[in-house]
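Using our numbering, read the sequence shown as starting at 17 and increasing by one per residue.
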Amino acid sequence: MNNKYWIFDKSQKELEEYCAAKGFKKYNAEQIMRWIYSCRLFDFSKMTDIPKPLRENLAGNFNASLSEIVDTQYETDAGGSSKKYLIKFRDGGTAESVLINYKKRKTLCLSSQIGCRMGCAYCETSGMGFTRNLTSGEIISQILTVENDTGDAVTNIVFMGMGEPLDNIGEVEKSLDIISNDKFIGIAPRKITVSTCGLLNVLNSLNFNEYRYKIAVSLNASDNTTRSMLMPVNKKFPIENLAALINGKKPSIHNKTTIEYVLIKGINDGIENAVKLIKMFSPAKVKFNLIPLNKEQNSIHLKNFERPDDAAVDNFKSKLAKAGFTVTVRFSKARSINGGCGQLKAKTINS
Ligand code: SAH
């Protein structure tokens with residue numbers, strides 16, 4: 017780690033202020049950022065339309081090296097392939113990103129924190145505790161580092177890796193300003209999904225009704241007792257308040273809220289649970305994404321939980337579908353390489 021600024025951590029506004037403070041033009045900031053994010057040029061001396069003194073200043077004060085890939089695991093199946101990356105940041109901290117290649121879509125599942133403090137009982141990341149938030153640059157660098165590895169552009173982003181994005185919303189939003197800006201990385205907001213365990217205070221502050229990016233809410237239960245057991249956050253923000261927020265959103269065919277529901281055998285996968293969900297939500301407002309529990313065979317953290325059999329998953333799905341809901345089942349990609357949902361816990365190279 018050196019004491020230069022890391023260019024990926026700077027917002028456009030911050031870089032404009034820097035340029036202005038050093039006696040250059042504000043618009044130089046956008047030029048620099050276009051070189052970095054649109055042309056993927058990480059060498060300041062080659063930014064030909066930038067005045068030479070600014071190029072020299074940048075080279076002296078900024079670092080533009082990508083994060084380091086320390087491990088990868090690859091898996092293919094009939095539908096596509098997935099590659100899990102262990103990415104090391106400048107302080108040595110690591111997080112995982114998973115690239116899911118499916119038809120023409122290249123979806124990158126990003127981490128927003130190293131570890132997580134939400135404590136969800138079914139999620140491996142919570143078992144590792146919380147180390148720290150990722151910076152906006154560290155979030156963005158997951159995309160640049162993976163694209164640099166594959167040579168292909170990522171088409172979709174999901175914040176479903178390690179961490180709770182709404183618990184680090186400042187850095188997540190800062191990264192999204194660059195990721196979604198079509199002058200820079202240019203992934204459209206409708207191709208970006210922020211997944212949350214339901215931090216209601218943050219959802220409210222984001223103006224949930226008008227939010228530019230897609231939101232997916234991890235619900236995982238149809239009553240408070242079960243949800244509080246699985247997700248401690250429910251004790252603070254109970255299920256009926258979360259449902260009221262989601263139901264209050266203006267209906268829009270193209271922007272229904274996704275309800276993610278991890279199916280756990282004998283805990284939340286009974287037909288009576290589906291019936292409660294049907295009462296709680298309307299097909300005009302939400303669609304369901306069912307995720308049969310992923311679990312490593314020897315998982316200690318998930319030792320009390322099992323994946324339901326396929327018949328139970330099908331029954332649950334049909335019940336919701338018959339009530340008019342759009343339902344998808346996410347048979348997680350990358351499961352055999354522990355890159356499926358909830359399986360990310362940043363194994364270090366030594367473990
Ligand atoms: N903190 C955010 C994002 C990370 S989890 C959230 O809670 O939504 C991303 C997705 O993986 C969520 O839908 C979560 O419910 C799901 N998930 C977590 N653990 C899982 C597991 N063991 N098996 C299957 N899905 C899991």
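We put the CB at the ideal spot given by N, CA and C, even for glycine.
- Within a 10 Å sphere around the beta-carbon of Pro181 sit 16 or more other beta-carbons, which makes this residue buried.
- Phe24 and Ser152 have their C-alpha atoms some 7 Å from each other.
- 8 Å or more divides the Cβ of Leu150 from the Cβ of Ile173.
- Assignment of Arg71 by DSSP, reduced to helix, strand and coil, places it in the helix class.
- Put simply, the segment 232–240 touches the segment 209–219. At least three CB pairs are less than 8 Å apart.
- By the beta-carbon neighbour count (other beta carbons within 10 angstroms, threshold 16), Gln313 is exposed.
- In this structure the segment 277–286 lies against the segment 238–246, because at least three pairs of beta carbons, one per stretch, are closer than 8 Å.
- Leu306 sits close to Val345, with the two beta carbons spaced by under 8 Å.
- Taking the Cα of Glu91 as reference, the smallest distance to any Cα among Tyr101, Leu82, Ala339, Glu84 is reached at Tyr101.
- When the Cα atoms are used, Phe146 and Ala204 turn out to be separated by approximately 30 Å.
- Between the alpha carbons of Ala327 and Ala290 lies a gap of roughly 14 Å.
- Assignment of Lys104 by DSSP, reduced to helix, strand and coil, places it in the strand class.
- Contact annotation: the segment 131–146 does not touch the segment 189–202, with fewer than three C-beta pairs closer than 8 Å.
- By a beta-carbon distance limit of 8 Å, Asn164 contacts Leu82. Their separation comes to about 6 Å.
- A heavy atom of ligand 1 is found nearer than 7 Å to the CB of Leu309.
- Ser334 sits exposed, since fewer than 16 C-beta atoms from the chains shown fall within 10 Å of its C-beta.
- If you look at Asp183, you'll find it isn't in any alpha helix (DSSP H); DSSP assigns it neither H nor E.
- Distance from the CA of Tyr277 to the CA of Ser221, rounded to the nearest whole angstrom, comes to 24 Å.
- By a beta-carbon distance limit of 8 Å, Ala75 does not contact Ile52. Their separation comes to about 13 Å.
- Setting aside the 5 residues that flank it on each side, Phe321 is surrounded in the same chain by Ala137, Tyr138, Ile280, Lys281, Ile283, Leu309, Lys311, each with a C-beta closer than 8 Å to its C-beta; the list follows chain order.
- Where Val329 is concerned, the enclosing alpha helix (DSSP H) starts and stops at 326–338.
- Approximately 16 Å separates the beta-carbon atoms of Pro299 and Gly264; this is outside 8 Å, ruling out the contact.
- Tyr118 and Ile255 have their C-alpha atoms roughly 33 Å apart.
- For Ser244, the enclosing alpha helix (DSSP H) covers residues 240–246.
- Taking Ile185 as the centre and dropping the five residues before and after it, the same chain places the C-beta of Val218 closer than 6 Å to its C-beta, in chain order.
- Asp107 counts as exposed, since fewer than 16 other beta carbons sit within 10 angstroms of its beta carbon.
- When distances are taken from the beta-carbon of Gly179 to the heavy atoms of ligand 1, the shortest one is below 7 Å.
- Here Glu312 carries a coil assignment [DSSP, helix/strand/coil].
- Taken in chain order, the complete beta strand (DSSP E) segments of 3 residues or longer contained in the segment 100–176 are 110–118, 121–125, 129–131, 146–149, 172–175.
- Between the beta-carbon of Leu115 and that of Thr166 there is about 7 Å, and that keeps the pair under the 8 Å contact cut.
- Residue side-chain check: Leu216 keeps its Cβ at 7 Å or more from all non-hydrogen atoms of ligand 1.
- For Val170, the Cβ stays outside the 7 Å cut-off from all heavy atoms of ligand 1.
- At the C-beta level, Gln158 and Leu124 come within 8 Å of one another.
- Annotation for Met245 indicates a beta carbon at 7 Å or more from all heavy atoms of ligand 1.
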